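> If you use our numbering, the sequence shown corresponds to residues 1 to 192, in order.
Note that beta-carbon positions come from the ideal geometry of N, C-alpha and C, so glycine has one too.
Predicted, not measured: the structure shown is a model, and the values here were computed from it.
Please read through the structure below; I'll follow up with questions.
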Amino acid sequence: MTPAGTVYFWVKDTPGRYEFKVIIPRNNSGKVQISEFLGLQASGNEMAVIDRVLLDRPRWTAIRGEEQRAFNARLKAHDLNASAWKIGENPVDRLLGEELCVLAWAVEHMEMEKIPVAVRNWLDFRPEERWWLFGMTAICTGGINDGDKGRRLALRHALGDVAQSDLLMPQPRRLIGGSHDERPNLDLFEHG
1 MTPAGTVYFW VKDTPGRYEF KVIIPRNNSG KVQISEFLGL QASGNEMAVI DRVLLDRPRW
61 TAIRGEEQRA FNARLKAHDL NASAWKIGEN PVDRLLGEEL CVLAWAVEHM EMEKIPVAVR
121 NWLDFRPEER WWLFGMTAIC TGGINDGDKG RRLALRHALG DVAQSDLLMP QPRRLIGGSH
181 DERPNLDLFE HG
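Next comes the structure, spelled out in structure tokens:
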């Protein structure tokens, strides 16, 4: 059962809400923008907005499917309707928006062939880990023009690397100099 007034990715349809917006242009070559809307400010009726990232359309296309599946699985776990990206403004819950920014920041200047690795590594993080990464990155390099600096650059390298589990897989090795059974078994607790 979907709570009344819930639209898109966990966002309640209330005025002045704190949310992210993913703005997808109609033009296929246009860039996708992710902005953080901090809600109505006490000083007036304006919304405070931080533009977080601009993604080239091929990069957005490379991440949107897996990310949407991950978010929809979580929506389903809370008995909420699944959502899909559409042309125009897509409201996204604050926490999901933070998670999306982490992935978008990682792939914004990454080589295209590494993006599937970044998506897989992003999926391996728990939501809390993604929130922490967002907070640590946003405080220093969270603006739209900070893509090649500091923690944004670190995210690109961290998520674009081959998963450590792949690197640390046990490799078969032939024993040198005989069979394993011929080696003495040394017991550390044996008094001798």
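In three-state DSSP terms, what is L175?
Note: L175 maps to coil in three-state DSSP.
> T141: buried (16+ other C-beta within 10 angstroms of its C-beta) or exposed?
With 16 or more other Cβ atoms within 10 Å, it is buried.
> Out of E89, N90 and F71, which has the shortest C-alpha to C-alpha gap to A82?
Per the Cα distances, F71.
> Quick one, which of R156, H78 and W132 has its alpha-carbon nearest H109's?
Cα-wise, what sits closest to H109 is R156.
> Would you mind stating whether L100 and I34 have Cβ atoms separated by less than 9 Å?
In contact: L100 and I34 (Cβ atoms closer than 9 Å).
> So V119 and L133 are in contact, right, with Cβ under 8 Å, and what is the actual spacing, rounded?
In fact, because the Cβ distance is near 15 Å, the residues do not count as touching under 8 Å.
> Report the rounded CA-to-CA distance for E66 versus A158, giving the unit in angstroms.
C-alpha separation (whole angstroms): 19 Å.
> Quick check: the Cα distance between W148 and L188, rounded to an integer number of angstroms?
In the sequence as displayed, the identity of residue 148 is Asp instead of Trp. Roughly 52 Å between the two C-alpha positions.
> Given this structure, state the Cα-to-Cα distance separating D146 from I176, to the nearest angstrom.
Cα to Cα, D146 sits roughly 53 Å from I176.
> Report the three-state DSSP secondary structure of N27 (helix, strand or coil).
Note: N27 maps to coil in three-state DSSP.
> In three-state DSSP terms, what is K76?
Helix at K76.
> What first and last residue would you give for the beta strand (DSSP E) that runs through V92?
Residues G88 to V92.
> I'd like the span of the alpha helix (DSSP H) that includes W132, first residue to last.
W132 -> alpha helix (DSSP H) spans P127 to T141.
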